[in-house]
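Just so you know, we're using the working numbering here: the sequence shown kicks off at -11 and counts up by one. Glycine included, C-beta positions come from ideal geometry on N, C-alpha and C. Okay, so here's the structure we're looking at.
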Amino acid sequence: MKAVIDTNVLLVANGQHADVSPDCVAECVRRLQSMMQKASVTVVDDGYRILGEYHHKTRLNPPKGVGDVFLKWLLRQSGTGQMEQVMLNETAADCFTEFPDPALEPQFDAPDRKFAAVSNAHPDKPEIWQAADCKWLDWWPALRAKGVGVHFLCPADAC
């Protein structure tokens, strides 16, 4: 399994998102733990955009939640096959040549564009894992039309 993981999955797993159900927290925890325990691959960009966002919004020393632990684990995965990096070409702040749908890009939240660009840039077009950000409900059909899938881990919470 390969996935591009939106930062909110880590935050929900950490209990840092007050508006989600306990089931959503449990699902995000389960998914992150499965990425660490199995032959799964987390896909990120080569410019530290995704890892930097994770780092900025979580706590590594000492880690307190599963999202923190996941990031600490992921930072140790370079060269192990459990993390793959793709190159992104940034044409302007948060604008990428690899973004799958140029017509959709202006409607997208700027910080979220990197996730769609990373998925699209990877040859396998791994799904983007999304926890509870309702904005993605507007974007996923256009992304799917371009071959980029979004998997809502907590569909009821995203609504």
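Secondary structure of CYS142 (DSSP, three-state): coil. At the C-beta level, GLN118 and ASP(-6) come within 7 Å of one another. Here PRO94 is exposed. Its C-beta has fewer than 16 other C-beta atoms within 10 Å.
With fewer than 16 other Cβ atoms inside 10 Å of its own Cβ, ASP112 counts as exposed. Taking the Cα positions, PHE103 is about 10 Å away from GLU115.
Take GLU15, set aside five residues on each side of it, and the residues of its chain with a beta-carbon closer than 7 Å to its own are LEU141, CYS142, in chain order. A contact is defined here as three or more CB-CB pairs under 8 Å, and the region 71 to 84 fails this definition with respect to the region 40 to 55. In this structure, DSSP gives ASP56 a helical state, which the three-state scheme calls helix. Scanning ALA130, LEU63, VAL106 for the CA closest to the CA of LYS(-10) turns up VAL106. A distance below 7 Å separates the beta carbons of ASP34 and GLN73.
Counted as a single uninterrupted DSSP element, the alpha helix (DSSP H) harbouring GLU41 occupies residues 37 to 45.
Relative to the Cα of VAL17, the nearest Cα in the group ARG47, ARG132, GLY135, GLY3 belongs to GLY3. Excluding sequence positions up to five before and after ASN108, its CB lies within less than 8 Å of the CB of GLU86, PHE87, PRO88, LYS134, GLY135, VAL136, all in the same chain and listed in chain order. THR30 is positioned such that its CB atom lies closer than 7 Å to that of MET23. Here the alpha carbon of HIS139 sits roughly 20 Å from the alpha carbon of GLN70.
Per DSSP, MET71 is one residue of the beta strand (DSSP E) stretching across 71 to 74. Nearest in C-alpha terms to LEU63, of all of HIS110, LEU48, ASN(-4), is LEU48.
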